[in-house]
Structure formats: C-alpha cells, structure tokens
Amino acid sequence: MHFQFPPWVTPSPKTFAHIEECAGGLRGYHLATEFRQQSWFDETNREATLAFERQHGFAHVVVDAPQGFKNSVPQVWEAASPKLAIVRLHGRNAETWNVRGTTAASDRFSYDYPDTELAKLADKIDQLAEKVELVQAIFNNNYGDQGQRNAKTLKRLLAYCA
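The sequence shown maps to residues 566 to 727 in the working numbering.
The structure is reproduced here in structure tokens:
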C-alpha cells in the first residue's frame, strides 16, 4: 500500500500519529510512504523521517521530480525496510510542476527521460537493490506513452547492471 502525502503534510508529532493510525488499520500489508514536502528531508528532519520509516517497517519512496520547490523532495537513496524500496519517477519538468488548471494531470507530468538520465538512475537503483529484497520503479510521467517507453529503457539498462 503506497501512501503519498500531499505537500501540506509536514513532519510533526500529530502527523506521525496520523500515519501510525493509518498503518494500524492495514496490518499485514507492506506500506510505503512518499512525502511531497521538502521539510521531511531537510537537515533537521531527514534522519528522524528515515528512523520513523524504519521503526514501522515502511518502504521508503525515493522521489525523482523537479527540484527547488517546497512540494519536491531531494532524492534520498536509502532503504528503510529490508523488504522493499520504491523509486517514483514523476519526471523533471520544472515548468509544469506546479501548474494549475491544465486540461489533464498528464500535462503536468509530461517528461521523456533521456537515456543518459535513465542510465544514472539505473546505477542508483542497482545500488539500492543491494540493500533490499525488491525495488519497484514506478513512472508517473504519464503523458502519452512516455512512462511505458521510459520503463522499457530502464528495464534494459538494469539488465546491464545485473
């Protein structure tokens, strides 16, 4: 079960309690947490966030997205659960990252990863895979067939890493 928390959800005792409450109702499922507000991984909160994920056995979600926005987080290539890590690829289109009023959500996530970027990501994913049983890469660049094509390329690149 993948929890993606919106940008207005910030680290606080109340938020941690809410996440624990959500997880309590889903015992038996493997849970993943994707935070979408930069303060989760700033100098003050990074280690506490990862410790919280580890304490509860949550899979950490590495987010690939445009940087420099409050609703983007840095890539934190850490494993919080020995079972699963997730890499979520939203694309790097900074021009449309916070655009509102588009015809479709896919307009915001229109980004075709170049092979060079996918190769760098494949190396990082391969390193992460050494720490967990399973890494799942999820493409959210969902304009046309960008995600499917990029996933096919990433799969080919990961085969070379193995």
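Virtual Cβ for every residue (Gly too), placed ideally from N, Cα, C.
Helix, strand or coil at residue i [DSSP, three-state]
i, result
"residue 716", "helix"
"residue 644", "coil"
"residue 617", "helix"
"residue 600", "strand"
"residue 612", "helix"
"residue 725", "helix"
Through-space distance from residue j to residue i, alpha-carbon basis
i, j, result
"residue 633", "residue 721", "30 angstroms"
"residue 724", "residue 594", "29 angstroms"
"residue 566", "residue 663", "26 angstroms"
"residue 577", "residue 711", "36 angstroms"
"residue 660", "residue 698", "36 angstroms"
"residue 700", "residue 629", "15 angstroms"
"residue 582", "residue 642", "25 angstroms"
"residue 718", "residue 684", "9 angstroms"
"residue 568", "residue 708", "23 angstroms"
DSSP beta-bridge partners of residue i
i, result
"residue 702", "652"
"residue 624", "597"
> Which residue spans inside the stretch 627-686 form an unbroken alpha helix (DSSP H) run of at least 4?
Replying inline: 670-673
> Which ranges does the alpha helix (DSSP H) cover as unbroken runs of at least 4 residues, wholly within the stretch 567-598, from first to last along the chain?
Replying inline: Restricting attention to alpha helix (DSSP H) runs no shorter than 4 residues, the stretch 567-598 encloses them at 578-589, ordered along the chain.
>> When you compare the stretch 666-682 with the stretch 608-628, are there three or more beta-carbon pairs, one atom per stretch, that lie closer than 8 angstroms?
In response: no
> So, do the stretch 633-649 and the stretch 585-594 have three or more beta carbon pairs nearer to each other than 8 angstroms?
Replying inline: no
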